[in-house]
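So for the sequence shown, the working numbering puts the first residue at 788; every next one is plus one. Working notes for the structure below.
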Amino acid sequence: MTKNYFLKISLLGDGAVGKTSLRERFMGRGFRKEHMMTIGADFASYERMIGDYKATFQIWDMAGQETFQSIRSRFFRGSMGALCVFDVTRPDSFMNLKTWIEELWRHNGRGVIPITILGNKADLRDNHSVSVQQAEDYARAISQHTKKYGFEVVYMDTSAKEGLNVERAFDTLGLTIIEMLQKGNLKIG
Ligand code: G3D
Ligand code: MG
């Protein structure tokens with residue numbers, strides 16, 4: 788019997804960058820979600836094969852409470868990895884990722900856990916947008932720090948609207964978490 792990996796993944800980033808849209812695009816609209824009122828968040832589960840691995844994604848999404856610091860720290864508790872989302876047309880949402888990621892690592896209870904950086908709304912990219920080059924440089928800089936924890940950080944352009952790289956984003960993060968679990972680099976429980 789194949790082992791089933793349980794993956795608790797958080798979606799983080801400023802309001803309106805497209806977190807909920809990415810999740811809906813990944814899981815389809817008919818999924819069941821539950822609301823955790825105490826932390827203003829929804830979570831939904833989704834089973835899926837990543838290559839030869841069987842994975843159950845439990846995806847946590849903030850229900851419009853992105854600006855409340857106290858809620859943010861509780862939201863991250865128990866995460867095993869995160870998709871860190873900004874909107875390519877809003878450079879401020881890119882700048883703010885630094886704070887989001889610091890909070891994730893401080894409050895999840897396992898320390899420096901895997902992340903993937905997503906520049907969403909790539910379908911709207913123009914000359915004023917955050918460039919792929921800028922975002923890749925940022926991911927490379929963070930990787931210098933995370934390498935010693937056993938993983939590297941990748942950047943992807945996404946579009947929840949057009950479906951660009953949506954499955955690839957979740958699978959890449961999922962696979963990184965599975966490899967960390969296999970190597971014993973991620974605390975469970
Ligand atoms: P959030 O969960 O991060 O707050 P949402 O963001 O998923 O609610 O998305 C915010 C708005 O951006 C929504 O528009 C949504 O349709 C739009 N959006 C999300 N992803 C994309 C994308 O990849 N491309 C484009 N063009 N739009 C996107 P509305 O108008 O419904 O508020
Ligand atoms: Mg949302």
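Note that the Cβ used here is the ideal one computed from N, Cα and C, for glycine as well.
Asked                                                                                        : Found
Contact test: residue 802 Cβ vs the ligand G3D heavy atom, cutoff 7 Å                        : yes
Residue 851 beta carbon near the ligand MG (any heavy atom closer than 7 Å)                  : yes
For residue 804 and residue 907, believed in contact at Cβ under 8 Å, the rounded distance   : 6 Å
Expected contact under 8 Å - CB spacing of residue 850 and residue 828 to nearest Å          : 6 Å
Pair within 8 Å by beta-carbon distance, residue 947 and residue 808                         : yes
Nearest-angstrom beta carbon gap, residue 798 and residue 848 [assumed within contact, 8 Å]  : 5 Å
Proximity of residue 911 and residue 943 at Cβ, strictly below 8 Å                           : no
Residues that DSSP places opposite residue 980 in a beta bridge                              : In this structure the chain extends from 788 to 976, so residue 980 is not present and cannot be described.
Three-state secondary structure (DSSP) of residue 964                                        : helix
Own chain, CB closer than 6 Å to residue 878, minus 5 neighbours either side, in chain order : 917
Bridge partner(s) assigned by DSSP for residue 835                                           : 842
Backbone CA spacing between residue 903 and residue 945 [nearest angstrom]                   : 12 Å
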